[in-house]
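Notes for the one structure printed next.
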Amino acid sequence: MRNRKFTIALAGNPNSGKSTIFNNLTGAHQHVGNYPGVTVEKKEGKASFQDYEINVVDLPGTYSLSAYSEDEVVARDFIINEKPDVIVDIVDSSNLERNLYLATQLMELEIPLVLAMNMNDMAEKKGQDVDYTKLFDLLGVAIVSTVGNKNIGTKELLETIIKVYEEKIKTKVVHIGYGPEIREEMDKLEQIVKKDKELVDQYPWRWLIVKMLENDSSVLDIVGKSSIAQEAIAQNENGRRHLQMHFGDIPETIIADRRYGFISGACTEALKPSIEQRHDLSDKIDKVILNRILGIPIFALVMYAIFKVTFIFSEPMVGWFEKFFEGLSGIATTYIPEGLFQSFVVDGLIGGVGGVLGFFPLVLFMFFAIAFFEDTGYMARAAFVMDKLMSKFGLHGKSFLPMMISTNGCAVPGIMATRTLESKKDRLITMMVTPFMICGAKLPIFALFIGAFFPTKYGANIMFSMYVLSVIIAFGSAWALKKLVFKGETAYFVMELPPYRIPTIKGLLLKMWERGWMYIRKAGTIVILISIIIWAGFTFPQYSPKEENVSEEEIAAVQLEQSYAGRFGHFVEPVVKPIGLDWRSGIAFMAGIAAKEVVVSTFGTIYSLGEVDPEETDSLRESMQKDPSWDPLKALAFLMFSLIYLPCFVAMAVFYRESGSQLKWTLFLIFWTTVMAWLASFAVYQGGRILGFGV
Amino acid sequence: MEKILSELKPKESGKVKKIYGEGMLHKRLLDMGIIKGAKIEVIKVAPLGDPIDIKVKGYHLSLRKEEAAQISIEVN
Numbered sequence: 001m002r003n004r005k006f007t008i009a010l011a012g013n014p015n016s017g018k019s020t021i022f023n024n025l026t027g028a029h030q031h032v033g034n035y036p037g038v039t040v041e042k043k044e045g046k047a048s049f050q051d052y053e054i055n056v057v058d059l060p061g062t063y064s065l066s067a068y069s070e071d072e073v074v075a076r077d078f079i080i081n082e083k084p085d086v087i088v089d090i091v092d093s094s095n096l097e098r099n100l101y102l103a104t105q106l107m108e109l110e111i112p113l114v115l116a117m118n119m120n121d122m123a124e125k126k127g128q129d130v131d132y133t134k135l136f137d138l139l140g141v142a143i144v145s146t147v148g149n150k151n152i153g154t155k156e157l158l159e160t161i162i163k164v165y166e167e168k169i170k171t172k173v174v175h176i177g178y179g180p181e182i183r184e185e186m187d188k189l190e191q192i193v194k195k196d197k198e199l200v201d202q203y204p205w206r207w208l209i210v211k212m213l214e215n216d217s218s219v220l221d222i223v224g225k226s227s228i229a230q231e232a233i234a235q236n237e238n239g240r241r242h243l244q245m246h247f248g249d250i251p252e253t254i255i256a257d258r259r260y261g262f263i264s265g266a267c268t269e270a271l272k273p274s275i276e277q278r279h280d281l282s283d284k285i286d287k288v289i290l291n292r293i294l295g296i297p298i299f300a301l302v303m304y305a306i307f308k309v310t311f312i313f314s315e316p317m318v319g320w321f322e323k324f325f326e327g328l329s330g331i332a333t334t335y336i337p338e339g340l341f342q343s344f345v346v347d348g349l350i351g352g353v354g355g356v357l358g359f360f361p362l363v364l365f366m367f368f369a370i371a372f373f374e375d376t377g378y379m380a381r382a383a384f385v386m387d388k389l390m391s392k393f394g395l396h397g398k399s400f401l402p403m404m405i406s407t408n409g410c411a412v413p414g415i416m417a418t419r420t421l422e423s424k425k426d427r428l429i430t431m432m433v434t435p436f437m438i439c440g441a442k443l444p445i446f447a448l449f450i451g452a453f454f455p456t457k458y459g460a461n462i463m464f465s466m467y468v469l470s471v472i473i474a475f476g477s478a479w480a481l482k483k484l485v486f487k488g489e490t491a492y493f494v495m496e497l498p499p500y501r502i503p504t505i506k507g508l509l510l511k512m513w514e515r516g517w518m519y520i521r522k523a524g525t526i527v528i529l530i531s532i533i534i535w536a537g538f539t540f541p542q543y544s545p546k547e548e549n550v551s552e553e554e555i556a557a558v559q560l561e562q563s564y565a566g567r568f569g570h571f572v573e574p575v576v577k578p579i580g581l582d583w584r585s586g587i588a589f590m591a592g593i594a595a596k597e598v599v600v601s602t603f604g605t606i607y608s609l610g611e612v613d614p615e616e617t618d619s620l621r622e623s624m625q626k627d628p629s630w631d632p633l634k635a636l637a638f639l640m641f642s643l644i645y646l647p648c649f650v651a652m653a654v655f656y657r658e659s660g661s662q663l664k665w666t667l668f669l670i671f672w673t674t675v676m677a678w679l680a681s682f683a684v685y686q687g688g689r690i691l692g693f694g695v
Numbered sequence: 001m002e003k004i005l006s007e008l009k010p011k012e013s014g015k016v017k018k019i020y021g022e023g024m025l026h027k028r029l030l031d032m033g034i035i036k037g038a039k040i041e042v043i044k045v046a047p048l049g050d051p052i053d054i055k056v057k058g059y060h061l062s063l064r065k066e067e068a069a070q071i072s073i074e075v076n
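Residue numbers (our numbering), protein chains in the order written: chain S, 1 to 695; chain Z, 1 to 76.
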């Protein structure tokens, strides 16, 4: 029995159901990595079928293969450089024309192509009937009909992919009728380009010359570095000028025009005409969702529902997790003999990691809710409804999603998600303000403090107002950046409103898990490491009293104060004193720069080390409640500072890379967030005292 | 009658006559199917008055009025 391996790449428009097909093909065998050099996520998976092991690479969803957005460049570079054996283009059958536009460009790359006509059921409902044999004849590529969310056609798709791979079915070179004028310019370029053997060995020549005429910057770069650079560039400029004179329009327009013309021709022939339903269900839903009066209240309601539902559903599970880690601590205390090692396991490891993982259910519920609204198509509506407001603050309707992913999620994928923003200004501003959102790692801090110092019945509302506050701070910062830093720079908003869809449970769970995994991975690596360092910081140097009659309580207190961490805390105390906090908060904030989860685990360590009776394994929440040095106003000042100050180390590193490795933006971010955090907490604490709150 | 897309009211429709401007925005509009002769119908305006939702090539696309001002339409 043979076992053959090969690689396929999944391409397709956003909202074409590409990830569902990917999930169907690969099952749970997925793995998320990065493309070399860039931070666009690279999803890979394995499909085993018959005797084949197929490596499936999920390319970013794109509308085209121009070099305008980061995602498109990544998709294109992967195809050009890695040369997958087969490309599968996932086409939304109910939106055939625009989806085939990408196909016309993939066809020029001369790699075996399979079209998966997805969501065929929706297309049929719309009253569309495609003649596949005819479409095959016209396009010259293998075509399979699939319904991703019902897992229909997966087997046929795999069979076709293998057939195309085995028989090396070259995509029949169907010439898109660019017309005699463009053809003539192409011929001239072809002759020049083909002189460089190396160049045409590496890149499909037809693709090169079409892209040159389209004035594609990265292809011009490639050609510019070849041996025929001068001649080719000069000819191209000539040709473009000539075409512009002839058509009275730039060549890009004419080429796009011809591609769509080719598609229109194919569609007219292959689509059996039937009655076009003018208003489908999606349009009807939009009548309500995007209604002039209801649109914004519905948006607010959806956001509120996401938070409320998350908190209500996750509450019992968070409780179980807390109990579980308490139990674990109990077991460790019983079986490990008292001493340094016991303290290391119980206080360092279990205390640190437990503090983070305890809130994991909440994070998962939140990701599930976001994935749900993303996959139904509501998030695009949210961007549509909010764009006017967002653009007033220098943001973009789409800035909403990175901020949303960061909210309860993680600023790292959030910052990465800014790649869908095409203008530099929109991207930078969004990246700068995304870390202000309350991420999954800050969430435990809020949950802990609100749980400890405020009555349960107000919990959800205080939490919600914290979210509102984070949005206000983010928007305020964006506005300031727009006015001060990015004066006069423009950006645009062109976004698809995909039809509403019923998401699949599997798709939602996978998305939830993918983002949740990032949170866990951090807990598993950075947080464990930092927990150990912090534990050591508290434990050493060891304090042993000389007198006999010192109570255990006193020993613990002195130990805490004279430890390395305690000394450091005292060192920074003057800075946090005006905002109502003491040296312990100082340590927590510093530790939090490594990863925000560590703020909670630092308190975990502080309070478990200070515990007198090892049998009494109080939850951290209870220990803090009992501590007289806290009051709700101080807790609020603490939360305010945590909300705004520096993003964690990982987020800053990603920010640095994503901002084009410019140190000035990263330094600016650090300065901006720290100063704002301190001023805001100062205002809360001192203002609150003047108003008579607190002690 | 020729009109600028941003001036069209919901339910008004027409065919693309010309797209002004160059560069990124222009290319993006082309990629999204806004080419000469394409049928466009304005579906609705966002609750805050901007952006607008149009139907082109059978799907919904939203763009700001600022971008729509780059597109001239031969109104039916």
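Positions of the beta carbon are idealized from the N, C-alpha and C atoms, including for glycine. Source: prediction; values computed, not measured.
Give me the chain A residues within the contact set of residue i, using Cβ-Cβ distance strictly less than 8 Å, ordered along the chain.
i, result
"Z:Ala46", "Within the model displayed, chain A is absent; protein chains S and Z are what it includes."
Identify the continuous alpha helix (DSSP H) that holds residue i and give its terminal residues.
i, result
"S:Leu135", "Tyr132 to Leu139"
"S:Glu156", "Thr154 to Glu166"
"S:Glu190", "Pro180 to Val193"
"S:Ile209", "Trp205 to Leu213"
"Z:Ser13", "Taken as a continuous stretch (DSSP letters only), Z:Ser13 belongs to no alpha helix (DSSP H), being part of the beta strand (DSSP E) at Ser13 to Ile19."
What residue range is occupied by the uninterrupted beta strand (DSSP E) comprising residue i?
i, result
"S:Ala9", "Arg4 to Gly12"
"S:Ser145", "Ala142 to Ser145"
"Z:Lys3", "Glu2 to Ile4"
"S:Ser64", "Where S:Ser64 is concerned, there is no enclosing beta strand (DSSP E), given that its DSSP letter is neither H nor E."
"S:Gly688", "Segment Leu663 to Ile690 is the alpha helix (DSSP H) holding S:Gly688; no beta strand (DSSP E) there."
"Z:Asp53", "Ile52 to Val56"
"S:Val86", "Val86 to Asp92"
"S:Tyr260", "Here S:Tyr260 belongs to no beta strand (DSSP E); instead the alpha helix (DSSP H) covers Pro251 to Ala270."
Comparing the C-beta of residue i with each C-beta of chain Z, is any distance below 8 Å?
i, result
"S:Ile275", "Low per-residue confidence applies at S:Ile275: pLDDT is 47, beneath 50, and the placement is therefore not dependable enough to give any value."
"S:Pro614", "With a pLDDT of only 45 at S:Pro614, under the threshold of 50, the placement of this residue in the model should not be trusted; the figure read from the coordinates follows. It does not: the Cβ of S:Pro614 has no partner Cβ on chain Z nearer than 8 Å."
"S:Val494", "yes"
"S:Ala270", "no"
"S:Thr666", "no"
On the criterion of 16 or more Cβ atoms from any shown chain inside 10 Å, does residue i qualify as buried, or is it exposed?
i, result
"S:Lys388", "buried"
"S:Leu691", "exposed"
"S:Trp320", "exposed"
"S:Thr146", "buried"
"S:Leu208", "buried"
"S:Val612", "Summary for S:Val612: the model assigns pLDDT 48, below 50, so the residue's position carries little reliability; its value from the coordinates is reported in the next sentence. By the neighbour-count rule (16 or more Cβ atoms within 10 Å), S:Val612 is not buried but exposed."
As a quick exercise: from the options, pick the residue whose alpha carbon is nearest that of residue i.
i, options, result
"S:Thr490", "S:Ser391, S:Ile579 and S:Pro498", "S:Ser391"
"S:Leu328", "S:Met386, S:Gly27, S:Val353 and S:Arg567", "S:Val353"
"S:Tyr165", "S:Leu340, S:Leu113 and S:Asn151", "S:Leu113"
"S:Arg584", "S:Ala595, S:Leu158, S:Val599 and S:Ile593", "S:Val599"
"S:Phe384", "S:Met117, S:Val494, S:Ser93 and S:Pro60", "S:Val494"
"S:Thr62", "S:Ile312, S:Glu97, S:Ile87 and S:Ala11", "S:Ala11"
"S:Tyr52", "S:Lys163, S:Leu65 and S:Gln128", "S:Lys163"
"S:Leu25", "S:Thr133, S:Met119, S:Ala594 and S:Asn151", "S:Asn151"
"S:Ser226", "S:Ser314, S:Leu362 and S:Gln202", "S:Gln202"
"S:Arg621", "S:Lys634, S:Tyr607, S:Leu633 and S:Ser629", "S:Tyr607"
"S:Leu633", "S:Ile289, S:Gly27, S:Phe453 and S:Trp513", "S:Phe453"
"S:Leu135", "S:Ser399, S:Met117 and S:Ala123", "S:Met117"
"S:Ser282", "S:Ser314, S:Ser94, S:Leu340 and S:Leu189", "S:Ser94"
"S:Arg381", "Z:His60, Z:Ala69 and Z:Ser72", "Z:His60"
"S:Arg76", "S:Gln105, S:Arg98 and S:Asp85", "S:Gln105"
"S:Pro541", "S:Ala565, S:Ser531, S:Gly688 and S:Lys197", "S:Ala565"
"Z:Arg64", "Z:Ile52, Z:Lys57, Z:Ile71 and Z:Gln70", "Z:Ile52"
Just to check my reading of the structure: residue i and residue j have Cβ atoms closer than 8 Å, yes? What is that Cβ distance to the nearest angstrom?
i, j, result
"S:Phe682", "S:Leu669", "Contact flag wrong, Cβ pair sits at about 21 Å."
"S:Lys126", "S:Asp280", "6 Å"
"S:Ser218", "S:Val74", "That belief does not hold up - the Cβ atoms of S:Ser218 and S:Val74 are roughly 12 Å apart, past 8 Å."
"S:Glu156", "S:Val141", "With a Cβ gap of about 15 Å, S:Glu156 and S:Val141 do not count as contacting."
Please confirm whether residue i has its beta-carbon closer than 8 Å to some beta-carbon of chain S.
i, result
"Z:Leu8", "no"
"Z:Glu12", "no"
"Z:Met1", "no"
"Z:Leu5", "no"
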